[in-house]
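Numbering (the UniProt record's numbering) for the sequence shown: 1 to 204. Glycine included, every Cβ here is placed at the ideal spot set by N, Cα and C. See structure below.
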Amino acid sequence: MSGFFGPLDAEGRVPPHQQTRVAAFLMSAHGALARQFAYTLPTTLDSAWQTELNAQFYRETELVTLLLRATSWVPDPGLGYMAVTWESAWYPVPIHEISDWHLAVAAGLATLAHAVHAGIRPAALLPVEANPDDPFVAALRRIEFESGRLLQAQILLLKGSSLVPHRDVVNAALERRHSEVRKLWGNMLQSVGVALGDSNDEKP
Numbered sequence: 001m002s003g004f005f006g007p008l009d010a011e012g013r014v015p016p017h018q019q020t021r022v023a024a025f026l027m028s029a030h031g032a033l034a035r036q037f038a039y040t041l042p043t044t045l046d047s048a049w050q051t052e053l054n055a056q057f058y059r060e061t062e063l064v065t066l067l068l069r070a071t072s073w074v075p076d077p078g079l080g081y082m083a084v085t086w087e088s089a090w091y092p093v094p095i096h097e098i099s100d101w102h103l104a105v106a107a108g109l110a111t112l113a114h115a116v117h118a119g120i121r122p123a124a125l126l127p128v129e130a131n132p133d134d135p136f137v138a139a140l141r142r143i144e145f146e147s148g149r150l151l152q153a154q155i156l157l158l159k160g161s162s163l164v165p166h167r168d169v170v171n172a173a174l175e176r177r178h179s180e181v182r183k184l185w186g187n188m189l190q191s192v193g194v195a196l197g198d199s200n201d202e203k204p
């Protein structure tokens, strides 16, 4: 068990079996976010946080497309069962204590997005000798960069004035989502021989 991806091949590339499972997990998470952003968007944008949802929908879609094309895919018999577990975990969970249903759904989605973007940092697991010109390596670094930008948007929504009266229930939902995502990410990494160390999640 190692704290990084590898062992790398002679060209500094992550092993294909690790690429396949890691990319499948990331595509599952970011694909779920893209779908939920699309479903949450109203036909008419009436507030600033709704315009941000629109922007995030397209960014999540771009991350999925990037992974699909940058990964060296190989057959992985274990993916079927694992994918079902992941997809079940991303299921939308509105914060029911919020009376405004659209805001309740958006806040629940923001807690999931915050947990994914703050808790999943794949580029941090790349060894220093990883080939920066390899598409998969570049994709992981791009995902981490974009996650940092998207995280700020989730923080703005979660700390926004519309959710101030619901601070306690939002924080509780956020803690649950972070715990779920950390467990899934850690279990998936262990399945490909990577030990996830203690993480410093950025909380709003």
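- SER2 carries a strand assignment under DSSP once its states are collapsed to helix, strand and coil.
- Within the region 86-170, the runs of alpha helix (DSSP H) at least 4 residues long that lie entirely inside it are, in chain order, 101-119, 135-158.
- When the beta-carbon positions are compared, HIS17 and VAL137 stay at least 8 Å from each other.
- When C-beta atoms of the region 164-174 are compared with those of the region 44-64, fewer than three pairs fall below 8 Å, so the two segments do not count as touching.
- DSSP lists SER2 as the bridge partner or partners of VAL194.
- Rounded to the nearest whole angstrom, the C-alpha separation of PRO132 and ARG141 is 9 Å.
- In its chain, beyond the 5 residues on either side, ALA173, LEU174, ARG177 have a beta carbon closer than 6 Å to the beta carbon of THR111.
- The shortest C-alpha to C-alpha distance from ASP9 to any of SER88, LEU126, ALA89 is the one to LEU126.
- By the Cβ criterion, the region 77-85 is not in contact with the region 100-116, since fewer than three pairs of Cβ atoms, one from each stretch, lie closer than 8 Å.
- Going by C-alpha positions, HIS114 is about 31 Å away from PRO7.
- In the three-state reduction of the DSSP assignment, TRP73 falls in the coil class.
- Segment contact: the region 143-161 against the region 85-97, fewer than three CB-CB distances shorter than 8 Å; contact not assigned.
- Per the C-alpha coordinates, the member of ALA195, ALA130, ARG182, LEU196 positioned closest to PRO15 is ALA130.
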